[in-house]
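Asker: What follows is a structure written as structure tokens; I'll ask about it next.
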């Protein structure tokens, strides 16, 4: 399962909650899963998943059959959509997102005015594209435990290894 959405929608928090419940989770924002690569049209670079690493992760998951929940929002994620049982969009109003970002200490993104402007633009431009391809949308204004419960229901029980 892929959990995607704009910055400040609660993706990392939900994955942390699921990890505590025994699920295998991968937050691709950390750990070398992402690199800046040139866009095909040559207009610049964008953070993209390292296809070799994501492919290896998904191949191992497919062999194991155990639930795997990946978090990320990157330019090339749609390449991998066919390999996910669910593409879950996390959404929240912009004011909620910005309030969460201002109060978090786990991720520095969103602390500058320029980054907040980008988040605002992405909410308007990118989130609708994510919504079109999502199989499920979760409004993350609800309590974290409820959000995690919804993801757990989609994933099935965690592995007991």
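Numbering (our numbering), first residue to last: 40 to 200.
In this text, a Cβ means the ideal position worked out from N, Cα and C, and glycines have one as well.
#1: Can you tell me which of the three DSSP states residue 92 falls into?
#2: Excluding sequence positions up to five away, which residues of its chain have a Cβ less than 7 Å from the Cβ of residue 202?
#3: Around the Cβ of residue 155, are there at least 16 other Cβ atoms within 10 angstroms (buried) or fewer (exposed)?
#4: What is the rounded straight-line gap between the Cα of residue 125 and the Cα of residue 51?
#5: Quick one: using the 10 Å Cβ neighbour count with 16 as the cut-off for buried, is residue 144 buried or exposed?
#6: Among residues of its own chain, excluding the 5 on either side of residue 131, which ones have a beta-carbon nearer than 6 Å to its beta-carbon?
#7: Between residue 83 and the rest of its own chain, which residues show a CB-CB distance below 8 Å, the 5 nearest in sequence each way excluded?
#8: State buried or exposed for residue 121, treating a residue as buried only when at least 16 other CB atoms are found within 10 Å of its CB.
#9: In chain order, what residues of the same chain lie with their CB nearer than 6 Å to the CB of residue 111, ignoring the 5 residues before and after it?
#10: Which residue or residues does DSSP assign as beta-bridge partners of residue 41?
#11: Tell me whether residue 86 sits in a helix, a strand or coil according to DSSP, three-state version.
#12: Judging by CA-CA distance, which residue of 42, 157 and 57 is the nearest neighbour of residue 198?
#13: Can the beta-carbon of residue 123 be found closer than 7 Å to that of residue 40?
#14: Hey, how far is the Cα of residue 59 from the Cα of residue 119?
#15: Going by other Cβ atoms of all chains shown within 10 Å of its Cβ, with 16 needed for buried, is residue 162 buried or exposed?
Answerer: Reading off the structure:
#1: helix
#2: No answer is possible for residue 202: the residues shown for the chain start at 40 and end at 200.
#3: buried
#4: 17 Å
#5: exposed
#6: 48, 179 and 180
#7: 77
#8: exposed
#9: 67
#10: 109 and 126
#11: strand
#12: 57
#13: yes
#14: 26 Å
#15: buried
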